[in-house]
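Undergrad:
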Amino acid sequence: MRCAGVWISVSALCVTACVSRPPTIAHVHVGHALTAVPSTPNHVGYLAQAESRAREAIDMAQRAGASGDLPQMKKYVASAAEATDSPDGFGVKQALALAADHVSFAATSADASTNLHQSAPVFVSHTARVLERCSLIRLLADDVAASTSVPEAQISIAEIRKLAQANLTGDVDASGAVGSSSAQYGLAQIRSELESITSRENPPYVTVDRWYLLNLVRLPSGKWIFDRLRRTDSMEGYK
Amino acid sequence: MNRVLASALLVPFAICAAFAAAEAPDPRVAVLSCAGSESPELESLRAASAAREGAIDPRLKLADALLARQCYAEAVRVLEAGEALHPNSNGIQSRLRTARTMLSEQHYFDARDRAAQSAKAERNRLRCQKLGDTAACDEALSAEPNDAALVMAKADALVQANRPAEALPLYRHAAELDAQADIDAKLAAAEAQRQTQLAQCQNESADVALRACQLALLPGSSDEFSIYKRKGILLQQMDEPLRALDSFIAAGLLKSNDETVSRAIVSLMDSTGRNDAVAFAARGRALLTLHRGADAVEALVRARTLLPDMADLEAPLAAAEELAKNEARQAKVAMAQREAERTARTPAAESSVSAAPVDDGPENPEQIRVASRAASEEKRTYSNDSPATRSH
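Residue numbers (this note's numbering), protein chains in the order written: chain Y, 8 to 246; chain G, 235 to 626.
(1) Hey, is VAL263 of chain G's beta-carbon within less than 7 Å of any beta-carbon in chain Y?
(2) Please say whether THR176 of chain Y and ALA190 of chain Y have beta carbons closer to each other than 7 Å?
(3) Who are the neighbours of VAL131 of chain Y on chain G, taking C-beta pairs under 9 Å?
(4) Helix, strand or coil for ARG225 of chain Y? Go by DSSP, reduced to three states.
(5) Helix, strand or coil, according to DSSP, for ALA43 of chain Y in the structure here?
(6) Using the rule of at least 16 other Cβ atoms within 10 Å of the residue's Cβ for burial, across every protein chain shown, is PRO379 of chain G buried or exposed?
(7) Along the beta strand (DSSP E) that carries LYS230 of chain Y, what are the first and last residues, could you check?
(8) Counting only beta-carbon separations shorter than 7 Å, does ILE162 of chain Y have a partner in chain G?
(9) With 16 as the cutoff for other CB atoms within 10 Å, does VAL263 of chain G come out buried or exposed?
(10) Would you tell me roughly how many angstroms separate the C-alpha atoms of VAL213 of chain Y and ASN122 of chain Y, rounded to the nearest one?
(11) Between the C-alpha atoms of THR368 of chain G and LEU392 of chain G, what's the straight-line distance to the nearest angstrom?
(12) Any idea if ARG397 of chain G is buried or exposed, counting beta-carbon neighbours within 10 angstroms, 16 or more meaning buried?
(13) Are the C-beta of GLU356 of chain G and some C-beta of chain Y separated by less than 7 Å?
(14) Can you look up VAL215 of chain Y in the DSSP assignment and give me helix, strand or coil?
(15) Do three or more CB pairs link the region 35 to 53 of chain Y to the region 219 to 227 of chain Y at distances below 8 Å?
(16) At the level of alpha carbons, what is the spacing between TYR245 of chain Y and PRO94 of chain Y?
(17) Would ARG329 of chain G and ALA281 of chain G be called neighbours here (beta carbons separated by less than 7 Å)?
(18) Check whether the Cβ atoms of ALA160 of chain Y and MET80 of chain Y lie closer than 7 Å to each other.
(19) If the cut-off is 8 Å on Cβ atoms, which residues from the region 302 to 331 of chain G count as contacting chain Y, listed in chain order?
(20) Taking 6 Å as the limit between beta carbons, can you name the residues of its chain near ALA424 of chain G, skipping five residues before and five after?
(21) Alpha helix (DSSP H) containing ASP92 of chain Y: first to last residue?
(22) Given this structure, state the Cα-to-Cα distance separating VAL512 of chain G from LEU524 of chain G, to the nearest angstrom.
(23) Going by other Cβ atoms of all chains shown within 10 Å of its Cβ, with 16 needed for buried, is SER199 of chain Y buried or exposed?
(24) Leaving out the 5 sequence neighbours to the left and right, which residues in its chain are closer than 6 Å to GLU58 of chain Y when beta-carbon positions are compared?
(25) Since ARG538 of chain G is in the alpha helix (DSSP H), which residue starts that stretch and which ends it?
(26) Residues bridged to VAL185 of chain Y by DSSP?
(27) Going by C-alpha distance, which of G:ILE326, G:LEU432, G:ASN358, G:LEU365 is nearest SER376 of chain G?
(28) I want to see whether chain Y comes within less than 7 Å of ALA350 of chain G, judged by CB atoms only; does it?
(29) Quick check on the burial criterion: 16 or more other C-beta atoms within 10 angstroms. Buried or exposed for ASP92 of chain Y?
(30) Across the region 336 to 356 of chain G and the region 127 to 144 of chain Y, are there enough close Cβ pairs to call them in contact, namely three or more that are closer than 8 Å?
(31) Taking its Cβ as the centre, do 16 or more other Cβ atoms sit within 10 Å of LYS295 of chain G, making it buried, or is it exposed?
(32) Let me know the alpha helix (DSSP H) ranges lying completely inside the region 96 to 122 of chain Y, each 4 residues or longer, listed in chain order.
(33) Can you round the beta-carbon distance between ALA113 of chain Y and ALA127 of chain Y to whole angstroms, since I take them to be within the 8 Å contact cut?
(34) Would MET386 of chain G be called buried (16 or more neighbouring beta carbons within 10 Å of its own) or exposed?
(35) When the Cα atoms are used, what is the spatial distance from ALA446 of chain G to GLY466 of chain G?
(36) Tell me the rounded alpha-carbon separation between LEU469 of chain G and ALA408 of chain G.
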């Protein structure tokens with residue numbers, strides 16, 4: 008009887024320990040794409056960062072389209088390009104590429120589920136059209152910068168506006184449907200797909216606690232650990 | 235009971251420890267295409283693995299070598315076959331996970347590269363079609379030369395840029411590609427634009443005319459010769475003899491029997507001192523047109539010496555040699571006649587002159603040149619000069 012009491016106590020302790028157990032490394036990587044990550048401004052997740060910058064790009068492109076003053080148009084378009092494709096400023100392109108990278112990291116983790124193994128490569132391939140639009144916006148912005156007349160600039164700006172909008176909401180096809188295939192995806196469809204992947208997770212994916220999201224590091228050996236002792240100076244982990 | 239208790243304690247801690255320190259391969263490793271897939275080392279590992287198909291070790295060695303060489307697709311195939319034979323092998327499972335991930339990343343990076351290329355192509359198409367940017371058209375067409383819409387867009391851009399002669403063949407090409415547009419109307423408009431330039435070429439002077447000639451020049455058209463000739467004349471007037479010679483040479487290639495062009499070529503060769511094979515060939519043909527066989531032979535032989543493989547030399551050379559022979563023969567006849575006239579003044583010589591045979595003339599090229607020199611000297615005319623006169 009006494010033995011049973013000890014067993015119950017130890018089991019209770021064990022259950023408590025498991026309730027507060029760390030998330031899987033795979034889920035932490037997914038959390039970096041969805042929820043929070045140390046490297047973005049305000050530590051938002053990469054996808055949220057991409058969405059926020061995409062909205063800025065739309066706003067700037069609309070302002071450029073509404074302006075009839077060439078220098079002003081060039082200024083707004085430069086800001087739209089900066090929000091879309093800027094390695095230093097976490098543009099849509101960079102943030103989305105990192106979101107895709109982290110979903111790949113998740114699939115690479117030893118604790119990744121079969122669902123993640125199978126879904127991650129497909130998810131990653133579906134980001135290609137947004138990345139392509141980002142590159143195109145950058146090229147067209149360079150053309151606007153070199154434009155010598157308002158009509159010339161307006162042609163590129165009209166295209167930039169369409170592309171910036173499609174980056175957020177997806178392309179409209181001939182039937183009027185938005186983002187109906189992966190070649191027409193915008194960030195909205197990409198987020199839906201990632202949420203759909205996480206909804207199929209077993210054990211279920213739950214929003215990962217920020218502490219775990221902000222303290223995952225990779226040791227020089229390649230091992231991922233949570234940096235409980237905050238030894239980041241001696242580690243190469245991404246934080 | 236104690237064993238159950240120990241298990242209950244240990245398992246959760248083991249799971250927690252595993253969660254705390256999971257290992258993952260570095261996914262940021264640069265992914266390149268498979269290199270050295272035909273290396274002897276790989277061949278030998280493939281053979282070893284095939285020889286012991288059921289064994290894990292040779293398969294793992296082969297997989298490791300393939301992964302090291304970034305041959306991810308083959309590594310996945312090898313490991314999947316191994317997984318079927320050994321479903322519980324940790325070595326196969328961990329390598330398979332890595333190989334699949336690296337393969338998917340490879341596809342991802344390839345897709346990224348393609349995305350950048352596609353963006354560039356899309357930008358070029360947009361600028362070509364909406365802004366008439368001919369440089370963008372060229373870039374776009376270099377990737378998709380038979381895209382009817384692009385071909386049409388470039389032709390439109392060229393017409394917009396007042397370059398109809400370049401646009402016309404593109405419209406014809408677009409028609410062959412079944413472009414959805416009224417090609418006949420576009421062709422007519424471009425041809426009308428070219429005719430305006432042609433009129434300027436013939437009627438204006440100096441730079442304006444020269445530019446119009448250049449814009450109107452359409453290879454293969456019936457007026458190509460006259461445009462080159464006009465260009466040559468304009469350039470000569472503008473004191474640009476080398477460029478003028480180029481134009482006359484081009485005109486001479488299109489129509490070799492024009493005496494004005496021929497005289498210009500001979501004259502400009504003399505004044506510029508140009509001495510390459512193309513120029514000598516042109517000079518040879520020009521001299522042939524001017525009926526100076528021996529000189530033509532000399533120029534054509536020179537061209538052949540400079541460029542033995544030069545095409546289209548044989549026919550003019552043969553004609554020039556034939557002409558030179560005739561010239562030599564005529565010279566002999568003329569000399570014989572002069573001799574006869576001279577000796578006729580002395581009765582004793584009369585009979586010997588009438589008996590003198592007239593041979594068929596020299597046979598080898600050197601004889602032809604030497605013998606005909608005298609004859610050609612008699613009737614030589616100089617290019618761009620006054621009408622021919624005899625020197626005696």
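Don't be surprised by glycine CBs; every beta carbon is placed ideally from N, CA and C.
TA: Put simply:
(1) The residue given as residue 263 of chain G occupies position 29 in the second sequence. Any reading at VAL263 of chain G is ruled out, since the residue's pLDDT is 37, under 50, leaving its predicted position unreliable.
(2) By 1-based counting over the first sequence, the position of residue 190 of chain Y is 183. By 1-based counting over the first sequence, the position of residue 176 of chain Y is 169. If you check the CB distance, ALA190 of chain Y and THR176 of chain Y do not come in under 7 Å.
(3) If you number the first sequence from 1, residue 131 of chain Y lands on position 124. Result: SER338, GLU339, HIS341, TYR342, ALA345.
(4) Working through the first sequence from its first residue, we reach residue 225 of chain Y at position 218. Look at ARG225 of chain Y here: in three-state DSSP terms it is strand.
(5) One-based indexing of the first sequence puts residue 43 of chain Y at position 36. Here ALA43 of chain Y carries a strand assignment [DSSP, helix/strand/coil].
(6) Residue mapping note: residue 379 of chain G aligns to position 145 of the second sequence, counting from 1. PRO379 of chain G is exposed by the Cβ-count criterion.
(7) Residue numbering aside, residue 230 of chain Y sits at position 223 when the first sequence is read from its first letter. For LYS230 of chain Y, the uninterrupted beta strand (DSSP E) segment begins and ends at 230 to 233.
(8) Here residue 162 of chain Y refers to the residue found at position 155 of the first sequence. At a cut-off of 7 Å, the C-beta of ILE162 of chain Y has a neighbouring C-beta in chain G.
(9) Within the second sequence, residue 263 of chain G is the residue found at index 29, counting from 1. Its pLDDT being 37, under 50, VAL263 of chain G is placed unreliably in this model, and the value from its coordinates should be taken loosely. Exposed.
(10) Counted from its first residue, the first sequence places residue 213 of chain Y at position 206. Counted from its first residue, the first sequence places residue 122 of chain Y at position 115. Whole-angstrom Cα-Cα distance: 15 Å.
(11) In the second sequence, residue 368 of chain G corresponds to position 134, counting from 1. In the second sequence, residue 392 of chain G corresponds to position 158, counting from 1. Cα-Cα distance, rounded: 7 Å.
(12) Here residue 397 of chain G refers to the residue found at position 163 when the second sequence is read from its first residue. So ARG397 of chain G counts as buried.
(13) One-based indexing of the second sequence puts residue 356 of chain G at position 122. Judged by the 7 Å Cβ criterion, GLU356 of chain G is in contact with chain Y.
(14) Locating residue 215 of chain Y in the first sequence gives position 208, where the first residue counts as 1. Coil.
(15) Yes, the region 35 to 53 of chain Y touches the region 219 to 227 of chain Y.
(16) Residue 245 of chain Y sits at position 238 when you count from the first residue of the first sequence. Residue 94 of chain Y sits at position 87 when you count from the first residue of the first sequence. Confidence at TYR245 of chain Y is low in this model, with a pLDDT of 47, below 50, so the placement of that residue should be treated as unreliable; the coordinate-derived value is given next. In a straight line, the C-alpha of TYR245 of chain Y is about 16 Å away from that of PRO94 of chain Y.
(17) Position 95 of the second sequence, counting from 1, holds the residue named residue 329 of chain G. Position 47 of the second sequence, counting from 1, holds the residue named residue 281 of chain G. No.
(18) Position 153 of the first sequence, counted from the start, is the residue given in the question as residue 160 of chain Y. Position 73 of the first sequence, counted from the start, is the residue given in the question as residue 80 of chain Y. Yes. Within cutoff.
(19) Only those residues of the region 302 to 331 of chain G whose C-beta falls short of 8 Å from the nearest C-beta of chain Y are listed: SER328, ARG331.
(20) Position 190 of the second sequence, counted from the start, is the residue given in the question as residue 424 of chain G. Same-chain partners within the cutoff: VAL393, PRO398, ALA401, LEU402.
(21) The residue labelled residue 92 of chain Y in the question sits at position 85 within the first sequence. Looking at the DSSP string, ASP92 of chain Y is not in any alpha helix (DSSP H), and its letter there is neither H nor E.
(22) Within the second sequence, numbered from 1, the residue matching residue 512 of chain G stands at position 278. Within the second sequence, numbered from 1, the residue matching residue 524 of chain G stands at position 290. The alpha-carbon atoms of VAL512 of chain G and LEU524 of chain G are separated by roughly 18 Å.
(23) Here residue 199 of chain Y is taken as the residue at index 192 of the first sequence, counted from 1. Taking a 10 Å sphere around the C-beta of SER199 of chain Y, we find fewer than 16 other C-beta atoms and assign the residue as exposed.
(24) For the purposes of this step, residue 58 of chain Y is taken as the residue at position 51 of the first sequence. Same-chain partners within the cutoff: LEU194.
(25) Your numbering for residue 538 of chain G matches position 304 in the second sequence. That run of the alpha helix (DSSP H) goes 527 to 540.
(26) The sequence position of residue 185 of chain Y within the first sequence is 178, counting from 1. Per DSSP, Y:VAL179.
(27) Locating residue 376 of chain G in the second sequence gives position 142, where the first residue counts as 1. Ranked by Cα distance from SER376 of chain G, the options G:ILE326, G:LEU432, G:ASN358, G:LEU365 are led by G:ASN358.
(28) Along the second sequence, one-based indexing puts residue 350 of chain G at 116. Yes, ALA350 of chain G counts as interfacial toward chain Y.
(29) Start at 1 with the first residue of the first sequence, and residue 92 of chain Y comes out as number 85. When all chains shown are included, ASP92 of chain Y counts as buried.
(30) The region 336 to 356 of chain G makes contact with the region 127 to 144 of chain Y; the number of CB pairs closer than 8 Å reaches 3 or more.
(31) Against the second sequence, residue 295 of chain G aligns to sequence position 61. Looking at its Cβ environment, which holds fewer than 16 other Cβ atoms inside 10 Å, LYS295 of chain G is exposed.
(32) Counting whole runs of 4 or more residues, the region 96 to 122 of chain Y contains the alpha helix (DSSP H) stretches 99 to 115.
(33) Position 106 of the first sequence, counted from the start, is the residue given in the question as residue 113 of chain Y. Position 120 of the first sequence, counted from the start, is the residue given in the question as residue 127 of chain Y. Separation of the CB atoms of ALA113 of chain Y and ALA127 of chain Y is rounded to 6 Å, and the pair is thereby assigned contact status at 8 Å.
(34) The sequence position of residue 386 of chain G within the second sequence is 152, counting from 1. Around the beta-carbon of MET386 of chain G, 16 or more other beta-carbon atoms lie within 10 Å, marking it buried.
(35) Numbered from 1 along the second sequence, position 212 holds the residue referred to as residue 446 of chain G. Numbered from 1 along the second sequence, position 232 holds the residue referred to as residue 466 of chain G. Computed Cα separation, rounded: 13 Å.
(36) Along the second sequence, read from residue 1 onward, the residue named residue 469 of chain G stands at position 235. Along the second sequence, read from residue 1 onward, the residue named residue 408 of chain G stands at position 174. Rounded to the nearest angstrom, the two C-alpha atoms are 35 Å apart.
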